Amino acid sequence: RHTIFILIISFESALPGLCFQYSGSSLLTGRTATEKHRFQCSRHFCASNPAMNIEMSQEPLLLRAVRGESVERCPVWMMRQAGRHMQAYRDLVKKYPSFRERSEIANVSTEISLQPWRAYGVDGCILFSDILTPLPGMGVEFDIDEKIGPKLKPMRSIESISTMFVNKDWSKSTPFVKQSLGEIRRTVGNSATVLGFVGLPFTLATYLVEGGTSNEYMEIKKLIYAQPQTLHKMLEILAVNIGNYAIFQIDSGAQVIQVFDSWAGSLSPEDYDVFALPYQQMVVDAIKRAHPETPVIIYIAKSGHLLERMVRSGADVVSLDWTVSIAEARQRLGSEVVLQGNLDPAVLLAPPSVIKERTEHILRMGGGRRHVMNLGHGVEAATSEASARLFVDTVHAFKPP
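What follows is the structure, encoded as structure tokens:
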């Protein structure tokens, strides 16, 4: 018999968190369980750990978890994990000063998307982009001011939306999305799940109608009550486009899609049922018709009063903000719904002991089953990298009681 040595080389500076092993069945035939031991990927090294074996050929942890499968530990990633809190990102801002440059130049978007995976070993790698990115592809121009956020020409009449259209080929209007998702997928392999994302119609409509960000959403609410058919027309065009755009992302390499109706929490339940839910369902139905195997996560800010309605969207996973506990969500939605979340992002500004305590409290409520750890909203820019790393490490190390 020949003795075969397998050399594991960790390229820390290039691809930390990703280790490779040879698993050819012919060479392993007849070996003992010890000889066939596998290596767990971690941020700094490959450590032999029989209790947490993960072969590179196995599907990613987060992907299996959002499907509702039993997994070896709770997966973790962070909304807005790529961005201003990281020095590597701030260094790129000096070279690419506008947000649209950073999100629409494929190699730059790819690099930013990978930064938190390399730094923290997160289980999900989400495309660095914006929910407004597809708008030009349907006839709506926008800009993003680095200080005040998105700026658009307000659309508040049936005439103003006449320039909107249904995009027939997203590869022409957003080729950078396809390039970035493909490269991210090739780079992370099965060490992380690649997530795409879209904004849902009502939330996108708030930007179109308000002309940018808003605190009260008064202009779109005026449209709801004074010109409901105008808003319905806008929402319908958005829903068709966003469904197709999400499918394009999956075709390009995304394994999971998170759909954001971030500002639908500003609606009363009655208005939500008319102006948000039906268009959420249109988008999710389009995704499921094209890719029934692809899990969909739905997130809405300040959504404690809407949990049951969020399930009706057809999404596979409900992502919680921090205003409702995992325990309450389980009680209201049942034990079979997969939940994501939900640490208050402000906790990452707290001392390390508080970060660890609050994170473990949520993990205990999750029970290691049908739960993906995340924040209740995006990472705050003031968060230190050490705190973000501690959050991820705490999840990785946690063992349910």
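Numbered according to the working numbering, the sequence shown spans residues 30 to 430. Ideal Cβ positions, reconstructed from N, Cα and C, are used throughout, including at glycine. Please read all numbers here as calculations on a predicted model, not as lab measurements.
Measure the alpha-carbon distance for residue i versus residue j and round it to whole angstroms.
| i | j | result |
| --- | --- | --- |
| G112 | S413 | 12 Å |
| N136 | A117 | 15 Å |
| I177 | G241 | 9 Å |
| A80 | S99 | With a pLDDT of 33 at A80, under the threshold of 50, the modelled position of this residue cannot be trusted, and the question is left open. |
| S348 | K124 | 34 Å |
| N244 | L264 | 20 Å |
| V383 | E239 | 38 Å |
| K197 | I391 | 43 Å |
| A255 | Y301 | 16 Å |
| Q369 | V223 | 16 Å |
| E140 | L156 | 10 Å |
| L393 | E386 | It is worth fixing the name first, because residue 393 is Arg in this sequence and not Leu. Cα to Cα, R393 sits roughly 11 Å from E386. |
| E337 | K331 | 14 Å |
| I266 | P324 | 24 Å |
| L36 | F226 | Note that L36 has pLDDT 38, beneath the 50 cutoff, so the model's placement of it is unreliable and the number below is only indicative. Those two C-alpha atoms are separated by around 37 Å. |
| V408 | S132 | 18 Å |
| V431 | L377 | Outside the shown range of the chain, which is 30 to 430, sits residue 431, and nothing can be said about it. |
| P374 | I190 | 36 Å |
| Q310 | V346 | 14 Å |
| I173 | G363 | 40 Å |
| W292 | E212 | 31 Å |
Since residue i sits in a beta bridge, which residues does DSSP pair it with?
| i | result |
| --- | --- |
| Y328 | F289 and S348 |
| L372 | L404 |
| V353 | Beta-bridge pairing links V353 to no other residue. |
| T222 | G153 |
| D174 | G178 |
| V105 | M402 |
Classify residue i as helix, strand or coil using the three-state DSSP reduction.
| i | result |
| --- | --- |
| M402 | strand |
| V227 | strand |
| P179 | strand |
| W203 | Before going further, note that residue 203 is Thr rather than Trp in the sequence given. Correct three-state label for T203: coil. |
| K197 | coil |
| V169 | coil |
| V424 | helix |
| V100 | coil |
| V366 | coil |
| Y308 | helix |
| R113 | coil |
| H334 | helix |
| A379 | coil |
| I187 | coil |
| S413 | coil |
| I160 | coil |
| R341 | coil |
| H320 | coil |
| S127 | coil |
| I134 | coil |
| T139 | helix |
| Q360 | helix |
| E88 | coil |
| G211 | helix |
By alpha-carbon positions, which one of the options ends up nearest to residue i?
| i | options | result |
| --- | --- | --- |
| N371 | E365, A358 and S364 | A358 |
| R102 | V401, G407 and F420 | V401 |
| Q284 | E248, P321 and L164 | P321 |
| V105 | D152, S142, M115 and E389 | D152 |
| V366 | I355, A375 and E389 | I355 |
| P429 | G150, F194, G397 and R418 | G397 |
| S200 | Q309, L362 and A275 | A275 |
| A221 | P307, M107 and S202 | M107 |
| V217 | F171, S142 and E248 | S142 |
| V312 | A379, G228 and L335 | G228 |
| S416 | R318, P89, L92 and P145 | P145 |
| R185 | P163, I173 and I249 | I249 |
| D280 | D120, S158, T235 and R214 | R214 |
| G97 | P126, G395, P204 and R147 | G395 |
| P381 | W292, G363 and D422 | D422 |
| L164 | V195, I134 and E175 | V195 |
| P257 | F231, G166 and K317 | F231 |
- Message: Quick check on the DSSP output: what are the complete alpha helix (DSSP H) runs of length 4 or more inside the region 231 to 299, in order along the chain?
- Response: 247 to 255 and 257 to 281
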